[in-house]
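Mapped onto full-length UniProt numbering, the consecutive letters of the sequence shown carry residue numbers 1 to 147. Beta carbons are placed, not taken as given, at the ideal position from N, Cα and C, and that holds for glycine. Here the structure comes first, spelled out in structure tokens, and everything after it is commentary.
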Amino acid sequence: MTVITTNKRAYFDYEILETYEAGLKLLGFETKAVRDGRMNLSGSFVVIRGNEAFLLNASIPPYQPKNTPGDYDPMRTRVLLLHKKEIRTLTGKTAEKGLTLVPLRVYNKGTRLKLEFGVARHKKKHDKRETIKKRETEREIRRDFHV
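Below you can see the structure in the form of structure tokens.
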């Protein structure tokens, strides 16, 4: 399993409660671009409409810009492949106040591309400050031990 891209901002802005794995329905040249590491998940999110899950605002620039169709939109909405039972449970969870679906990382699983996303709650400002303080103290401790 090779991790292609991660959404570092999601771990800072959100408290991840549960994670799910979904397949990505992509075009051929999009798959090549993702495997080349050109996907950007910052600012993207997962939405459930009807009985389908969609990935919104994820940017995949063309693999070969001169060979891509003229009407290609790098920010287009992409379908996520999930079981109906999973979609039903996610619909119930997103109905709860304050919970959202945030993409965390994209990786290879065999020959397939998978998206890991999480049910998340937005962190408050004081929680973010606490995270920054904890990170800085760990950095100080590591610095003291290595000198």
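{"Check": "For R142, the first and last residue of its enclosing alpha helix (DSSP H)", "Outcome": "125-146"}
{"Check": "Limits of the unbroken beta strand (DSSP E) element including R121", "Outcome": "112-122"}
{"Check": "Beta-carbon gap between K114 and A53 smaller than 8 Å", "Outcome": "no"}
{"Check": "Continuous alpha helix (DSSP H) stretch holding Y14: start and end", "Outcome": "Unbroken run through Y14 is the beta strand (DSSP E), 14-24; no alpha helix (DSSP H)."}
{"Check": "Meets three-Cβ-pair contact criterion under 8 Å: the stretch 81-90 and the stretch 63-72", "Outcome": "no"}
{"Check": "Given V102 as reference, the closest of G28, Y20, G50 once Cα atoms are compared", "Outcome": "Y20"}
{"Check": "One or two residues paired with N108 in a DSSP bridge", "Outcome": "L113"}
{"Check": "Outcome for I141 when other beta-carbon atoms lying within 10 angstroms are tallied against a minimum of 16", "Outcome": "exposed"}
{"Check": "For N108 and I4, believed in contact at Cβ under 8 Å, the rounded distance", "Outcome": "7 Å"}
{"Check": "Endpoints, beta strand (DSSP E) assigned at I48", "Outcome": "45-49"}
{"Check": "Backbone secondary structure at E96 - three-state DSSP", "Outcome": "coil"}
{"Check": "Start and end residues, beta strand (DSSP E) containing A53", "Outcome": "52-56"}
{"Check": "C-beta neighbour in chain B for R139, strict 8 Å", "Outcome": "Absent from the structure is chain B; it holds one protein chain and no more."}
{"Check": "Opposing strand residues paired with R78 [DSSP bridges]", "Outcome": "L55"}
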